[in-house]
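Enquirer:
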Amino acid sequence: MSSQSVCLNNGISMPILGFGVFLIPEEKTTQAVHNAIACGYRLLDTAAAYNNERCVGAAVTQSGIDRSEFFITTKIWPTQFGYDNTFLAFASSLKKLKTEYIDLYLIHYPVPEDFQKTLETWKAMSKILSEGRVRAIGVCNFNSRNLDILINESGIVPAVNQVELHPFYSQRILRAYHQSHGIITQAWSPLGGVRTYGAFVPDADKKVASIHVNSTLLEIGTKYGKTPSQIVLRWMIQSGISANIKTLNLEHLKANMDVFDFSLSIEDIEQIEKLDTVTQGGIDPQTVTADTFAVSIVD
Ligand SMILES: NC(=O)c1ccc[n+]([C@@H]2O[C@H](COP(=O)([O-])OP(=O)(O)OC[C@H]3O[C@@H](n4cnc5c(N)ncnc54)[C@H](OP(=O)(O)O)[C@@H]3O)[C@@H](O)[C@H]2O)c1
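The sequence shown lines up with residues 7 to 305 when you count with the working numbering.
(1) Can the beta-carbon of residue 250 be found closer than 9 Å to that of residue 51?
(2) Could you check if residue 47 belongs to the surroundings of ligand 1, using beta carbon to heavy atom distance under 8 Å?
(3) Is any heavy atom in ligand 1 found nearer than 8 Å to the beta carbon of residue 40?
(4) Suppose the cutoff is 6 Å on Cβ atoms and the five residues either side in sequence are ignored; what does the same chain contact list for residue 47 look like?
(5) Out of curiosity, what's the CA-to-CA distance linking residue 295 and residue 119?
(6) At a cut-off of 8 Å, would you count residue 34 as near ligand 1, judging by its Cβ distance to the nearest heavy atom?
(7) With distances taken Cα to Cα, identify the nearest neighbour of residue 304 among 17, 40 and 101.
(8) If you measure between the beta carbons of residue 28 and residue 252, is that distance less than 9 Å?
(9) Compute the Euclidean distance between the alpha carbons of residue 94 and residue 223, then round it to the nearest angstrom.
(10) Identify which residue in 79, 229 and 63 has its Cα closest to the Cα of residue 142.
(11) Could you tell me how far apart the beta carbons of residue 115 and residue 84 are, in whole angstroms, since I believe they sit closer than 8 Å?
(12) In chain order, which continuous runs of the alpha helix (DSSP H) of length 4 or greater are located wholly inside the segment 143 to 207?
(13) Could you work out which residue in 171, 113, 158 and 161 is closest to residue 144 when comparing CA atoms only?
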């Protein structure tokens with residue numbers, strides 16, 4: 007099974023597809039990551055707020071595969087923000103992940119109402135980057151205004167912006183901004199997961215939310231002998247979008263990596279882009295405060 011990478015703005019190579027562990031219970035995470043590693047995933051996406059960094063670290067260590075072959079992403083949560091706190095949060099993630107460095111360290115959400123604290127966090131992350139303890143730094147859930155301020159204030163362009171992105175919310179304007187600034191777009195909920203578990207999606211929408219029953223994706227899939235998930239992931243790969251996928255199903259895990267042996271036509275891609283409803287399934291990141299989610303990070 008082949009794979010593919012993208013080049014970040016500091017020359018670092020990152021696998022284009024990754025395995026994400028959001029909402030995987032602690033007792034299932036280590037095995038889930040073992041399965042992902044066996045299926046060829048090397049980009050592993052976790053976060054302090056997922057409270058399963060330890061399980062990811064355990065699976066990587068137990069795999070016997072050299073640490074340098076993995077690309078580990080973790081994230082700092084708004085309650086950990088602040089210049090000094092960032093060093094503590096980073097040290098805690100390193101310890102839990104049982105690693106001496108992180109490949110990609112991300113700000114999990116901006117806190118627009120107190121952006122100064124977001125900037126202080128970024129400054130500390132830049133220091134960690136300069137010390138070589140992280141290979142790249144980036145953000146999640148930033149809009150172009152957040153990015154403008156961050157870049158103008160710090161002079162440092164994030165390597166990645168990880169945002170909700172799937173065919174029903176395809177973020178074309180933000181993607182164009184990223185492209186013009188050399189930022190890699192990374193999709194969270196690439197298969198539209200948030201539209202089914204998200205508390206912010208009306209029940210009526212959830213019934214038609216699934217990409218797996220979408221007629222356009224099914225039709226395109228028939229042409230190539232692929233499932234809607236594979237079509238969506240292929241669309242992302244051909245668009246230069248990195249994606250972190252979550253699944254606890256072994257067949258899905260394998261299928262989601264089996265997307266490097268075919269190419270969509272321009273017409274297929276145009277059809278997929280037309281599915282955009284410009285409606286996000288998750289919370290509007292611009293409304294996030296440190297108190298928005300009741301997350302407590304277990305030490
Ligand atoms: N930065 C952020 O703010 C943020 C927010 C949310 C998520 N994330 C990251 O993004 C990752 C993925 O996001 P997500 O879990 O929201 O959404 P997702 O990957 O789009 O969707 C996951 C759902 O899709 C199903 N699925 C996966 N592959 C499938 C396939 N081939 N066929 C049918 N169903 C399939 C899974 O069920 P089965 O287990 O049954 O396959 C699961 O219910 C997270 O784990 C996390 O790493 C980041």
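Ideal Cβ placement from N, Cα and C applies to all residues, glycine included.
What you are looking at is a predicted structure, and each value in this text was computed from that prediction instead of being measured.
Expert: The structure says:
(1) Within the sequence shown, the letter at position 244 stands for residue 250. Within the sequence shown, the letter at position 45 stands for residue 51. Yes. Within cutoff.
(2) If you number the sequence shown from 1, residue 47 lands on position 41. The answer is no for residue 47.
(3) One-based indexing of the sequence shown puts residue 40 at position 34. No, Cβ of residue 40 sits at least 8 Å from all heavy atoms of ligand 1.
(4) The sequence position of residue 47 within the sequence shown is 41, counting from 1. Answer for residue 47: 25, listed in chain order.
(5) Position 289 of the sequence shown, counted from the first residue, corresponds to residue 295. Position 113 of the sequence shown, counted from the first residue, corresponds to residue 119. Taking the straight line from one Cα to the other gives about 7 Å.
(6) As a position in the sequence shown, residue 34 is number 28, starting the count at 1. The answer is no for residue 34.
(7) As a position in the sequence shown, residue 304 is number 298, starting the count at 1. The option with the nearest alpha carbon to residue 304 is 101.
(8) What you label residue 28 is simply residue 22 of the sequence shown in a count that begins at 1. What you label residue 252 is simply residue 246 of the sequence shown in a count that begins at 1. Yes, these two residues count as a Cβ contact at 9 Å.
(9) Start at 1 with the first residue of the sequence shown, and residue 94 comes out as number 88. Start at 1 with the first residue of the sequence shown, and residue 223 comes out as number 217. Roughly 45 Å separates the two Cα atoms.
(10) One-based indexing of the sequence shown puts residue 142 at position 136. Comparing Cα positions, the closest option is 79.
(11) Looking up residue 115 in the sequence shown gives position 109. Looking up residue 84 in the sequence shown gives position 78. Right, the Cβ-Cβ distance comes to about 6 Å (below 8 Å), so this counts as a contact.
(12) 150 to 160, 178 to 187 and 200 to 203
(13) Within the sequence shown, the letter at position 138 stands for residue 144. Comparing Cα positions, the closest option is 113.
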